[in-house]
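Numbering (our numbering), first residue to last: 1107 to 1433.
Scroll down for the structure; my scribbles are underneath it.
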Amino acid sequence: MNFKIVRYVFVTALCLATAIGVLAEVPRKFDDAWNLISSYGGSGDGIDRARRMATDLETEYPKAGYPQILEAHYLATWKLEDADRPDALHQHVLDLVSQALARNPDLVQGHVVKARVLLMASNPLAAGSEADVALKLDPKSADAIIVRADIYRRLGDFSLAANWYRQFIEVAPNDARKSNGYAHLAKTYTLDSYAKPAARDALIAQARAAYEAMARLDPQAPWKLSNFAGFLNNEGEDFDAAERYAQRALAVRDFGMAWEQLALARYQKLSRSASIMTGPALAAAVTSIERATGISLQGAMDSGPAGGSAQRRLMPLMNRISRVPSN
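Written as structure tokens, this is what we have:
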């Protein structure tokens, strides 16, 4: 046996393994921070932990572009849609992405964030080009897969979008992100139900099943639970379940959207029995819901969560209560 060759191969393999370990440490920390931002559901300290990791990465690897992409990811995911000056923030996010990709052009998540921002700016074709770059760099990237699904959904190809969301669920790195995939899948089925009235019942059933999987995988995410309540208050037409999920959301975090969903559920339940109630009893029931939730019947109808179907169901109650004499 040629021991020099064996020793050379062993040392080379050892050096290579060591090098891979060092290189993998940064993506692992970066991936952890990225997943904390992606998985945030409205509770916990995930965002703060991700920011601390980004600070560490800036110190340890100042030329890699990791903190810039993490900041861009956070802003695009949680701030851009509700920004007071969306155009300015949109440009700021793109600037962060450009800085990072100038340093690290093969960073998949950089192209993913750019694709997402372009999609939010109503430019799905340009977003698709960036998604293609990300998928070429890593065809199994969960982040590239889900942004491609988002693009297909924006283009109205709900069947193809659903296929890509299912691919994302298969490769998502943790339960919270799988839950995100089911949330997107549920929304896709719901949108498809508007486009295909003949298949509405089947699609709404699929949407509900996807929401249930979402809640099962991430049971302490208040925003997701509130969104499920919104579906049940509108398309799902299950107000008992809507009330339960709104209460579950409020048990984790006290926030306005969940209170609105709770009020909507209770007012719609009342509306179903309003025809057999006397005027004073009905007025007392409406007052009881308003006191419990802090939201009037009119406020519930005017709230963001009240879709057209919920508003139509509440209109008879509104008309009847308006005719009840005040004491």
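Idealized CB from N, CA, C, for every residue including glycine.
| Item | Value |
| --- | --- |
| Chain-order list of residues whose beta-carbon lies under 6 angstroms from that of residue 1241 (same chain, five-residue window excluded) | 1250 |
| 6 angstroms Cβ shell around residue 1205 - same chain, five flanking residues per side excluded | 1174 |
| Residue range of the unbroken alpha helix (DSSP H) whose run includes residue 1162 | 1152–1166 |
| Buried/exposed call for residue 1391, threshold 16 Cβ in 10 Å | buried |
| Uninterrupted alpha helix (DSSP H) stretches inside the region 1313–1386 (no shorter than 4 residues) | 1328–1339, 1345–1358 and 1362–1379 |
| Proximal residues to residue 1296 (C-beta, below 8 angstroms), its chain only, five neighbours per side dropped | 1309, 1310, 1313, 1337 and 1341 |
| Residues near residue 1217 in its chain [Cβ-Cβ closer than 6 angstroms; skip 5 each side] | 1236, 1239 and 1240 |
| Opening and closing residue of the alpha helix (DSSP H) in which residue 1286 lies | 1281–1301 |
| Cα-Cα separation, residue 1152 to residue 1389 | 44 angstroms |
| Option nearest residue 1414 by Cα separation, candidates 1203, 1227 and 1370 | 1370 |
| Cα-Cα separation between residue 1419 and residue 1365, rounded to whole angstroms | 19 angstroms |
| Among 1376, 1186 and 1159, nearest to residue 1176 - alpha-carbon criterion | 1159 |
| Alpha-carbon to alpha-carbon, residue 1180 and residue 1330 | 18 angstroms |
| Alpha helix (DSSP H) segment containing residue 1239, residue limits | 1230–1243 |
| Limits of the alpha helix (DSSP H) - the one that residue 1256 falls within | 1248–1260 |
| CB of residue 1207 within 7 angstroms of CB of residue 1260, strictly | no |
| Option in 1284, 1339 and 1344 with minimal Cα separation from residue 1316 | 1284 |
| Option nearest residue 1349 by Cα separation, candidates 1395, 1379 and 1267 | 1395 |
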